[in-house]
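**Q**
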């Protein structure tokens with residue numbers, strides 16, 4: 019059974035028989051329940067975040083129960099899953115929201131039961147009742163993307179750039195957009211710019227097709243907010259039969275994106291070390307579930323504004339990945355293996371990159 023089917027089939031993952039000491043010590047009562055609620059079954063969640071989160075919880079509390087669900091990209095389903103977790107006695111929710119605005123209803127429902135909610139990866143908006151936010155420093159992501167694009171276009175005096183951002187309702191996408199502009203403004207000509215609902219590949223493909231038609235295919239570089247957007251951009255450029263693809267940014271280090279980097283179809287992505295994010299969330303979840311004091315050094319005083327107040331935040335630093343650095347980043351960390359990257363379709367590219 020593959021991991022996706024296994025994870026979907028298991029609602030409750032028992033973590034053992036004996037409770038262990040917590041991150042800050044102290045006697046605890048075994049049998050606490052932690053809900054890990056993801057937005058969909060994307061490979062990163064079920065091959066990286068879930069097993070890393072589960073392993074960290076197990077190391078602190080072998081008798082805890084982990085409730086894992088993914089919402090299949092449906093905000094209404096996610097709300098039902100959260101309500102079911104609360105009804106079954108979950109002591110803390112770790113929630114990666116499908117809809118960052120609508121998820122405030124989940125936070126309110128949890129607060130009524132005195133159950134803390136940790137926003138995971140995406141900040142839940144317009145609620146004062148959120149306990150913590152665990153993610154990556156999105157401003158740094160945008161700056162890395164912008165700087166990498168400039169580096170790739172350094173032969174052009176005033177390069178023409180198309181900017182294709184993520185979902186305009188996603189606060190993280192807004193932060194990325196601002197940071198990318200901070201790196202690029204005054205150094206490039208932004209000829210076309212789009213916000214992409216749901217950050218979808220299909221939407222990005224349509225936007226890039228429009229941009230290419232308007233610019234007569236004359237583009238020196240493309241700022242794509244993430245790898246999903248980048249995939250649509252690359253499809254559009256290939257459909258337009260560009261002889262040489264301009265550099266394209268991305269983010270999240272998805273498997274397909276790293277493979278595009280190997281072939282030269284995408285210039286870079288941003289690796290968000292999943293282990294650091296998942297383990298920080300697990301540590302917080304354990305402490306909150308057992309009423310253990312959360313150590314101040316975990317957040318280092320950082321906050322993230324969700325529109326209602328500054329939320330205590332654990333912000334992990336992201337890393338730029340290009341063809342030159344992928345061995346020392348995503349491969350070295352075990353995020354993706356050579357075997358996963360170097361499938362038959364990419365054997366030649368892997369050989370050229372020294373991976374096989």
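Residue numbers (our numbering): 19 to 374.
Backbone N, C-alpha and C define an ideal beta-carbon position, used for all residues, glycine too.
Model, not experiment: these values are computed from the prediction.
Report the start-end ranges of each beta strand (DSSP E) in the stretch 95-133 that is 3 residues or longer and not cut off at the edges.
**A** 110-113
**Q** Please classify residue 361 as buried or exposed, where buried requires at least 16 neighbouring CB atoms within 10 angstroms.
**A** Position 343 of the chain shown holds residue 361. Exposed, by the Cβ-count rule.
**Q** Hey, out of 60, 170, 73, whose CA is closest to residue 339's CA?
**A** Residue mapping note: residue 339 aligns to position 321 of the chain shown, counting from 1. Minimum Cα-Cα distance from residue 339 among the listed residues 60, 170, 73 corresponds to 170.
**Q** By the 10 Å Cβ neighbour count, where 16 or more other Cβ atoms means buried, how is residue 246 classified, buried or exposed?
**A** As a working mapping, residue 246 is identified with position 228 in the chain shown. Label assigned to residue 246: buried.
**Q** For residue 52 and residue 82, which I take to be in contact (beta-carbon distance under 8 Å), what is that distance rounded to the nearest angstrom?
**A** Mapped onto the chain shown, residue 52 falls at position 34. Mapped onto the chain shown, residue 82 falls at position 64. That belief holds up - the Cβ atoms of residue 52 and residue 82 are roughly 6 Å apart, short of 8 Å.
**Q** First and last residue of the alpha helix (DSSP H) that includes residue 239?
**A** Reading the chain shown from its first residue, position 221 is the one you call residue 239. Where residue 239 is concerned, there is no enclosing alpha helix (DSSP H), although the beta strand (DSSP E) it sits in stretches over 239-242.
**Q** Taking buried to mean at least 16 other C-beta atoms within 10 Å of its own C-beta, is residue 43 buried or exposed?
**A** Residue numbering aside, residue 43 sits at position 25 when the chain shown is read from its first letter. A caution first: residue 43 carries a pLDDT of 40, below 50, which makes its placement in the model unreliable, though a value can still be read off. Flag for residue 43 reads exposed.
**Q** Using DSSP with H/G/I as helix, E/B as strand and the rest coil, what is residue 272?
**A** In the chain shown, the residue the question calls residue 272 occupies position 254. Coil, per DSSP.
**Q** Taking the alpha-carbon positions, what's the residue 177 to residue 236 distance?
**A** To locate residue 177, count along the chain shown from 1; it is residue 159. To locate residue 236, count along the chain shown from 1; it is residue 218. Taking the straight line from one Cα to the other gives about 10 Å.
**Q** Taking buried to mean at least 16 other C-beta atoms within 10 Å of its own C-beta, is residue 370 buried or exposed?
**A** Counted from its first residue, the chain shown places residue 370 at position 352. By the neighbour-count rule (16 or more Cβ atoms within 10 Å), residue 370 is not buried but exposed.
**Q** Closest to residue 131 by CA distance: which of 286, 147, 69, 314 is it?
**A** Position 113 of the chain shown holds residue 131. When only C-alpha atoms are compared, the closest one is 147.
**Q** Taking C-beta to C-beta, are residue 267 and residue 275 nearer than 7 Å?
**A** Here residue 267 refers to the residue found at position 249 of the chain shown. Here residue 275 refers to the residue found at position 257 of the chain shown. It is not a contact, given that the beta carbons lie outside the stated cut-off.
**Q** Three-state secondary structure (DSSP) at residue 71?
**A** In the chain shown, the residue the question calls residue 71 occupies position 53. In this structure, residue 71 counts as helix in the three-state DSSP scheme.
**Q** For the alpha helix (DSSP H) containing residue 169, name the first residue and the last one.
**A** For the purposes of this step, residue 169 is taken as residue 151 along the chain shown, with counting starting at 1. For residue 169, the enclosing alpha helix (DSSP H) has its first and last residue at 156-170.
**Q** If you drop the 5 nearest sequence neighbours on each side, which residues of the same chain put their C-beta closer than 6 Å to that of residue 379?
**A** There is no way to answer for residue 379, as the model of the chain reaches only from 19 to 374.
**Q** So, with DSSP's three-state summary, where would you put residue 282?
**A** Stepping through the chain shown from its first residue, residue 282 is reached at position 264. Looking at residue 282 - three-state DSSP - the assignment turns out to be coil, as it is neither helix nor strand.
**Q** By how many angstroms is the C-alpha of residue 161 removed from the C-alpha of residue 200?
**A** Looking up residue 200 in the chain shown gives position 182. Looking up residue 161 in the chain shown gives position 143. Cα to Cα, residue 200 sits roughly 7 Å from residue 161.
**Q** Spatial neighbours of residue 327 within its chain, please: C-beta separation below 8 Å, excluding the five flanking residues on both sides.
**A** On the chain shown, residue 327 is found 309 positions in, with the first residue counted as 1. 146.
**Q** State the DSSP-derived secondary structure class of residue 209, mapped to helix, strand or coil.
**A** Here residue 209 corresponds to residue number 191 of the chain shown, with the count starting at 1. Here residue 209 sits in strand by DSSP.
**Q** Can you say whether residue 217 is buried or exposed, counting buried as having 16 or more other CB atoms within 10 angstroms of its CB?
**A** Looking up residue 217 in the chain shown gives position 199. That one is buried.
**Q** Nearest-angstrom Cα distance between residue 179 and residue 97?
**A** For the purposes of this step, residue 179 is taken as the residue at position 161 of the chain shown. For the purposes of this step, residue 97 is taken as the residue at position 79 of the chain shown. Going by the C-alpha atoms only, they are around 39 Å apart.
**Q** In angstroms with no decimal places, state the Cα-to-Cα distance between residue 365 and residue 211.
**A** Within the chain shown, numbered from 1, the residue matching residue 365 stands at position 347. Within the chain shown, numbered from 1, the residue matching residue 211 stands at position 193. Distance between the alpha carbons of residue 365 and residue 211 is about 35 Å.
**Q** Assuming residue 316 contacts residue 296 (C-beta within less than 8 Å), just tell me the rounded distance between them.
**A** Here residue 316 is taken as the residue at index 298 of the chain shown, counted from 1. Here residue 296 is taken as the residue at index 278 of the chain shown, counted from 1. Actually they do not touch by this definition, with Cβ atoms about 14 Å apart.
**Q** Please classify residue 25: does DSSP put it in a helix, a strand, or coil?
**A** Position 7 of the chain shown, counted from the first residue, corresponds to residue 25. With a pLDDT of 46 at residue 25, under the threshold of 50, the modelled position of this residue cannot be trusted, and the question is left open.
**Q** Looking at residue 99: is its Cβ nearer than 7 Å to the Cβ of residue 70?
**A** Position 81 of the chain shown, counted from the first residue, corresponds to residue 99. Position 52 of the chain shown, counted from the first residue, corresponds to residue 70. Contact flag unset, no.
**Q** Between 188, 182, 164, 153, which lies nearest to residue 203 when the distance is taken from Cα to Cα?
**A** Stepping through the chain shown from its first residue, residue 203 is reached at position 185. Looking from the CA of residue 203, the closest CA among 188, 182, 164, 153 belongs to 164.
**Q** Given this structure, state the Cα-to-Cα distance separating residue 106 from residue 144, to the nearest angstrom.
**A** Working through the chain shown from its first residue, we reach residue 106 at position 88. Working through the chain shown from its first residue, we reach residue 144 at position 126. Rounded to the nearest angstrom, the two C-alpha atoms are 26 Å apart.
**Q** Taking the alpha-carbon of residue 221 as reference, which of 194, 249, 101, 277 has the nearest alpha-carbon?
**A** Within the chain shown, numbered from 1, the residue matching residue 221 stands at position 203. When only C-alpha atoms are compared, the closest one is 249.
**Q** Please name the residue or residues paired with residue 323 in a DSSP beta bridge.
**A** Locating residue 323 in the chain shown gives position 305, counting from the first residue. For residue 323, which the question treats as bridged, DSSP gives the partners 328.
**Q** Could you check whether the stretch 305-321 touches the stretch 180-191, counting it as contact only if at least three pairs of C-beta atoms, one from each stretch, sit closer than 8 Å?
**A** no
**Q** Quick check on the burial criterion: 16 or more other C-beta atoms within 10 angstroms. Buried or exposed for residue 39?
**A** The residue you call residue 39 lines up with position 21 of the chain shown. Low confidence applies to residue 39: its pLDDT is 40, below 50, so where it sits in the model is not reliable, and the reading given next is rough at best. With fewer than 16 other Cβ atoms within 10 Å, it is exposed.
**Q** What are the boundary residues of the beta strand (DSSP E) that residue 303 is part of?
**A** As a first step, residue 303 must be located in the chain shown, where it is residue number 285. First-last for residue 303: 292-308, but that is the alpha helix (DSSP H), not the beta strand (DSSP E).
**Q** In chain order, what residues of the same chain have a beta carbon less than 8 Å from the beta carbon of residue 374, not counting five sequence neighbours either side?
**A** As a working note, residue 374 is residue 356 in the chain shown. Counting only Cβ-Cβ distances below 8 Å, and skipping sequence neighbours, we find 356, 360, 365, 368.
**Q** Counting C-beta neighbours from all protein chains within 10 Å, is the total for residue 173 16 or more, i.e. buried, or is it exposed?
**A** Your numbering for residue 173 matches position 155 in the chain shown. Flag for residue 173 reads exposed.
**Q** Starting from residue 341, follow the beta strand (DSSP E) in both directions and report where the run begins and ends.
**A** Position 323 of the chain shown, counted from the first residue, corresponds to residue 341. Segment: none, residue 341 is in no beta strand (DSSP E) and carries neither H nor E.
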